[in-house]
Ligand code: DGJ
């Protein structure tokens, strides 16, 4: 007997699902390069396993607790009476161009679950999610988006991006031979500890997942007895189960699934292409060279000081001036002001509009920082609307960074935030908005709304956040939006689809930043990666690096300056002006080309290669010693390029030196590092 099989195809990959011969579930037949499904499934071992049910051993795409009792399920359903578990039957398939829907229905609970698949044109990404429709009230204690089983020989090599505040996106590898590895966040945002992104590798084959969800989440990888790794991912109903009402349909967030036969490096380009697609038409809006005054002035913001910085930034060639935190009333430090979004008249005695006009008069676009979900306990907003803050009745509300969090799930709070942003954007000539968020929800309750699991606070907050971002895009399409949460605490696909750039970390120290960006670029595209040149030593890592190093590092994404330019010497200023001019010549290649990560920050020389048309831009960084001692043998001063045509010739547009593609691939591009020379940007043109 043959069982139905469906194959989804992307540009270079295919994904085949079949109905299981062993029971009412869909299982993965094959996922890999195009044509991989032509042969016996590498995942077909379910019949061999004793003492567990076939469902427990199956490479199932999605199973409820009940049908899969032992080895982890994606869906846990209970009735109001407390009965748990579900035993569903297959209820039909719908297939369309690049899309598939497989339905399963449980007669007893009345829940219909549809496993949804959609390919994303122009990418090697398949989106997966689940939809639930109820006929009676039910509690969904777990409601993952999808599961995917990856066959591996031996231990699976996992890669995640882990860290903490100021050390986000640390590229972290581990081998999983047995047991469970789980990452996630219960902070109502993606969080600093882990990116919602995971890769499983079997040799060079790299299978990646990334969850499109701006709230609580988990991604769990389990080593299965039969030699496979099963990855489950979804949102986490941390405040209790999610209730579904009769007639209601609930959608789990989308899980993007990507495959590359070319390892992590190939997979990074799959993600880059996907994020360029997420940007839509806004991809083609040039990202302006930004100056942000946060590191220079902190909360000490006034018109005169900001204009001095703006003038210096304009002289260097910056195109945009962003006033960060500290511009509004009551914000002399981080204890007050949030919620009362009016420019401080003492800081801007001639009016904020005049200040903005003065900045613009320097030829700069103008940008402003906001933290719309935050409120200071002493603010007027809090006095007027104490009920807008998350709070658990009868419990004290804790402060984080001296502030509280607005319940953005409430429509009146959303309306307030939208009206505030409309007022600011309508009153002042603002072309750029930095949306920050510096405190996760702690006492997450909505006074008067009943038990926490009566309302889906996490999903409501996410919906409110996305509603405001969608409003910004629709009502203020010319305003560029930067996403930020105390650095890189809110970087995931739902945010990336609605912002233009994100701020990966507050840590701008050169060698730390190199490591953060190395991890970031494995998952995210250069055109979304905001990066500033700051002072050295700066706030974080004191290890010295040249101004050139800081520029070349920041030029691997969207270049900004965050240094106190008032203290810069004329020599530093003219060097900076030269770097900015060079960046403007190559940013189209950096943002729209194909990026390749060359080496790692542990190597003496590492870098990023960007290719577009006949141009190859190489950002090269020496991480080694700067004392001028001769380098050890082994060509630590060479960077092997990739992807070039071995038979073609490439000319360095600055020096005129030319190389064969074979030489650049085999021996690498040479650099003569010295105490004063620890970074370079080389532009090669194919002859
Ligand atoms: C955290 C952000 O990550 C910083 O860039 C800066 O905007 C501060 N907040 C301001 O409070």
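In our numbering, the protein residues as written are 2 to 688.
Ideal Cβ placement from N, Cα and C applies to all residues, glycine included.
All of these numbers come straight from a predicted model, not from anything done at the bench.
Per DSSP, reduced to three states, the secondary structure at residue 295 is helical. Your pair residue 581 and residue 317 checks out as a contact, with CB atoms roughly 6 Å apart and the cut at 8 Å. When the five nearest sequence neighbours on each side are left out, the beta carbons in the same chain lying within less than 6 Å of the beta carbon of residue 102 are those of 95, 115 and 117, in order along the chain. Excluding the 5 residues flanking it on each side, residue 529 has same chain C-beta neighbours closer than 7 Å at 276, 497, 502 and 503, in chain order. The Cβ neighbour count for residue 289, taken over all protein chains shown within 10 Å, is at least 16; the residue is labelled buried. Sixteen is the threshold: when 16 or more other Cβ atoms of the shown chains lie within 10 Å of the Cβ of residue 148, as they do, the residue is buried. In its chain, beyond the 5 residues on either side, 207, 267, 268 and 271 have a beta carbon closer than 6 Å to the beta carbon of residue 261. Three or more beta-carbon pairs separated by less than 8 Å link the region 358 to 372 to the region 426 to 438, which places the two stretches in contact. Under the rule that a run must span 3 or more residues, the beta strand (DSSP E) segments found entirely inside the region 13 to 44 read 14 to 20 and 27 to 34. Exposure of residue 138 is indicated by the presence of fewer than 16 other C-beta atoms within 10 angstroms of its C-beta. Remark: C-beta atoms of residue 382 and residue 423 do not approach each other more closely than 8 Å.
Of the candidates 602, 609 and 618, the residue whose Cα lies closest to the Cα of residue 624 is 602. Contact between residue 459 and residue 553 is absent: CB atoms are separated by about 40 Å, not below the 8 Å threshold. Cα atoms of residue 608 and residue 557: separation of roughly 9 Å, rounded to the nearest angstrom. About 11 Å separates the CB atoms of residue 88 and residue 112; that is not less than 8 Å, and the two are not in contact. In the DSSP assignment, residue 127 falls within the unbroken beta strand (DSSP E) covering 126 to 134. With 16 or more other CB atoms across the displayed protein chains lying within 10 angstroms of its CB, residue 561 is buried. Contact between residue 194 and residue 235 is ruled out by a C-beta separation of about 18 Å, above the 8 Å threshold.
When DSSP states are grouped into helix, strand and coil, residue 428 belongs to the helix group. In the assembly as shown, residue 572 is an exposed residue. Its beta-carbon has fewer than 16 other beta-carbons within 10 Å. The three-state reading of DSSP puts residue 487 in coil, since its state is none of H, G, I, E or B. Judged by DSSP in its simplified three-state form, residue 601 adopts coil rather than helix or strand. Cβ-Cβ distances below 6 Å link residue 251 to 133 and 245 in the same chain, with the five nearest sequence neighbours on each side left out; the list follows chain order.
Sorted by position in the chain, 295, 325, 326, 335, 370, 435, 437, 439, 485, 487, 488, 504 and 507 make up the residues whose C-beta lies under 7 Å from a heavy atom of the ligand DGJ.
For residue 245, the three-state secondary structure derived from DSSP is strand. Per DSSP, the beta bridge partners of residue 105 are 91 and 114.
Residue nearest to residue 169 within the set 500, 685, 665 and 524 is 524 (criterion: CA-CA distance). Contact check for residue 414 against residue 465 passes: the beta carbons are separated by less than 8 Å. The beta carbon of residue 418 is closer than 6 Å to those of 373 and 469 in its chain, skipping five residues each way along the sequence.
Annotation: residue 648 is outside any alpha helix (DSSP H) and is labelled neither H nor E by DSSP. Apart from the 5 residues on each side of it in sequence, residue 64 sits with its Cβ closer than 8 Å to the Cβ of 26, 56, 74, 75, 76 and 148 in its chain, given in chain order. Note that the C-beta distance between residue 86 and residue 66 is below 8 Å. Assignment of residue 671 by DSSP, reduced to helix, strand and coil, places it in the strand class. Taking a 10 Å sphere around the C-beta of residue 172, we find 16 or more other C-beta atoms and assign the residue as buried. If you check the CB distance, residue 177 and residue 196 do not come in under 8 Å. Straight across, the Cα-Cα distance linking residue 439 with residue 475 is about 26 Å.
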